[in-house]
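> Just so we're aligned, residue 255 is where the sequence shown starts under this note's numbering, counting upward by one.
Think of the CB as a built atom: it goes at the ideal place given N, C-alpha and C, for glycine as much as any other residue.
Remember, predicted model here, so these are calculated numbers, not experimental data.
Right, I'll just put the structure down here and ask away after.
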Amino acid sequence: MYSKMNYYEFTRDEWQQFHTHNFGSVTDSELEQLRSLNDKIGLDDVVTIYSPLRHLIHVRYRDYQAAMLNQSEFLGIDLHQRPFIIGIAGSVAVGKSTTARLLQLLLSRAYPDKKVQQITTDGFLYPNAELEKRGIMDRKGFPESYDMNKLIQFLNAVKDANGVVKAPRYSHQVYDIVPDEYDLIDSPDILIVEGINVLQLPSNQLIYASDYFDFSIYVDADPELIEQWYLERFGLLLDTAFTDPTNYYYPYATGDRRAAFEMARQVWRDVNLKNLKEYILPTRNRADVILHKTQNHEIDRVFLRKF
Numbered sequence: 255m256y257s258k259m260n261y262y263e264f265t266r267d268e269w270q271q272f273h274t275h276n277f278g279s280v281t282d283s284e285l286e287q288l289r290s291l292n293d294k295i296g297l298d299d300v301v302t303i304y305s306p307l308r309h310l311i312h313v314r315y316r317d318y319q320a321a322m323l324n325q326s327e328f329l330g331i332d333l334h335q336r337p338f339i340i341g342i343a344g345s346v347a348v349g350k351s352t353t354a355r356l357l358q359l360l361l362s363r364a365y366p367d368k369k370v371q372q373i374t375t376d377g378f379l380y381p382n383a384e385l386e387k388r389g390i391m392d393r394k395g396f397p398e399s400y401d402m403n404k405l406i407q408f409l410n411a412v413k414d415a416n417g418v419v420k421a422p423r424y425s426h427q428v429y430d431i432v433p434d435e436y437d438l439i440d441s442p443d444i445l446i447v448e449g450i451n452v453l454q455l456p457s458n459q460l461i462y463a464s465d466y467f468d469f470s471i472y473v474d475a476d477p478e479l480i481e482q483w484y485l486e487r488f489g490l491l492l493d494t495a496f497t498d499p500t501n502y503y504y505p506y507a508t509g510d511r512r513a514a515f516e517m518a519r520q521v522w523r524d525v526n527l528k529n530l531k532e533y534i535l536p537t538r539n540r541a542d543v544i545l546h547k548t549q550n551h552e553i554d555r556v557f558l559r560k561f
């Protein structure tokens, strides 16, 4: 349930009223490139949903810059530019990556003189060998499968503007961390951090990943719809994996398709749905904005936190 007392609720048409007319346009081909597998997003979504969201982020970013200036004046020190960090949370297969990439594009257009980068927390999963060693391979994606200390150290270094910071790289093709490969976060003005765990509060941490966020978004949908999208995406992954023996999905793509989908349904039920209900969904009311999706990934409602 939403904490309705804490949120303003807008229909799609009501939210559209906050649209700004001076944002950079996005083309169909650009949307095609940033759209995740099986996600549905069109130019109308850019104008109706994401343009007002970009405008809201602009307001928050402006306030953030003013607060940083006021603090430096209070301390009597030179202004030290620190990145504005946006966290994007939600279930597996709900469309977080599409939201993150589209916001990166829109913010880059809005601030051509600023560096806007994006990162996923998948790279902070323990490698499969470590998960096997700990006996939690079947808990991959659950809080204990992430190296939260490494993620927090990464966010601290980025927020402290310590120059180039390395983030481990994860490959969905091999379903594992790629050894000795990194994504480089190089002094961004705005950083978008996307992942299922970004708003979680691990019990053994003194500081949380979300403590570094200046704005947060939760992408929401009914679990039955997310399961449908998850299975549709699984089918698309099989369709693209059968020519690549190194791909994690190759054995499923070249084997019995019915058995593969039975396995996928079991993974959804025993891993992803359980993780969603126990750890991801409880973080929803910590977000500044909730984007609620319905059939065909259409965002029908937007919730904006009051305080």
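For the alpha helix (DSSP H) containing Thr494, name the first residue and the last one.
Its alpha helix (DSSP H) spans residues 477-495.
> Consult DSSP for Leu422 and reduce its assignment to one of helix, strand or coil.
According to the sequence displayed, residue 422 carries Pro and not Leu. Note: Pro422 maps to strand in three-state DSSP.
> According to DSSP, is Val473 helix, strand or coil?
Val473: strand per DSSP, three-state reduction.
> Between Tyr429 and Ala383, what straight-line distance do the alpha-carbon atoms span, to the nearest angstrom?
Each residue's Cα considered, the two are about 12 Å apart.
> With Arg511 as the anchor, note down where its alpha helix (DSSP H) starts and where it stops.
Unbroken alpha helix (DSSP H) run through Arg511: 511-521.
> Return the residue from the list Ser283, Asp554, Asp293, Ser279 that minimises the CA-CA distance to Leu490.
Comparing Cα-Cα distances from Leu490 to each of Ser283, Asp554, Asp293, Ser279, the minimum goes to Asp293.
> One question on the structure: do Asn529 and Phe408 come within less than 8 Å of each other, judged by their Cβ atoms?
No.
> Between which residues of its own chain and Thr374 is the CB-CB distance below 6 Å, once the five residues before and five after are set aside?
Cβ within range, chain order: Glu448, Gly449.
> In three-state terms, what does DSSP make of Ala411?
Ala411: helix per DSSP, three-state reduction.
> Determine, using beta-carbon pairs with one atom in the stretch 483-500 and one in the stretch 511-523, whether at least three such pairs fall under 8 Å.
Judged by Cβ distances under 8 Å, the stretch 483-500 makes contact with the stretch 511-523, as three or more pairs qualify.
> How many angstroms separate the CA atom of Thr274 from the CA atom of Met391?
Taking the straight line joining both Cα atoms gives about 46 Å.
> Could you pull out every residue in the same chain whose Cβ sits closer than 7 Å to the Cβ of Glu290, ignoring the five residues on either side in sequence?
Note on residue identity: the sequence assigns Ser, not Glu, to residue 290. Excluding residues within five positions, the ones whose Cβ falls inside 7 Å are Gly349, Ser351, Thr352.
> Does the Cβ of Glu286 have 16 or more other Cβ atoms within 10 Å, making it buried, or fewer, making it exposed?
Label assigned to Glu286: exposed.
> Could you round the C-beta distance between Val556 and Ile303 to whole angstroms and report it? I think they count as a contact, below 8 Å.
Indeed, because the Cβ distance is near 7 Å, the residues count as touching under 8 Å.
> Rounding to the nearest angstrom, what Cα-Cα distance links Lys387 and Tyr380 in this structure?
So the alpha carbons of these two residues sit roughly 10 Å apart.
> What are the partner residues of His309, as DSSP defines its beta bridges?
None; His309 has no bridge partner.
> With a Cβ-Cβ cutoff of 8 Å, do Ala495 and Tyr484 count as a contact?
No, the pair does not count as a contact, with Cβ atoms beyond the cut-off.
> Answer with buried or exposed for Thr281, where buried requires no fewer than 16 other C-beta atoms within 10 angstroms of its C-beta.
Burial call: exposed.
> Quick test of your reading: Ile444 and Phe338, contact by CB under 8 Å. State the CB separation rounded to the nearest angstrom.
Right, their Cβ atoms sit about 5 Å apart.
> Give me, in chain order, the residues of the same chain whose beta-carbon lies closer than 6 Å to that of Trp269; leave out the 5 immediate sequence neighbours on both sides.
Excluding sequence neighbours, Trp269 sits near Pro306, Val556.
> Which residue comes first and which comes last in the beta strand (DSSP E) that contains Leu535?
Unbroken run through Leu535: none, as it is neither H nor E.
> DSSP three-state call for Leu455: helix, strand or coil?
Coil, per DSSP.
> How would you write the range of the alpha helix (DSSP H) that Pro505 sits in, first residue to last?
Run containing Pro505: 504-508, per the alpha helix (DSSP H) assignment.
> Could you give the residue range of the alpha helix (DSSP H) that holds Gln372?
Taken as a continuous stretch (DSSP letters only), Gln372 belongs to no alpha helix (DSSP H), being part of the beta strand (DSSP E) at 370-374.
> Please tell me whether Val419 and Ala343 are closer than 8 Å, where the distance is taken between their beta carbons.
No, they are not a contact pair.
> Just to confirm before moving on: does the CB-CB distance between Asp468 and Tyr365 stay below 8 Å?
No, the Cβ-Cβ distance between Asp468 and Tyr365 is not below 8 Å.
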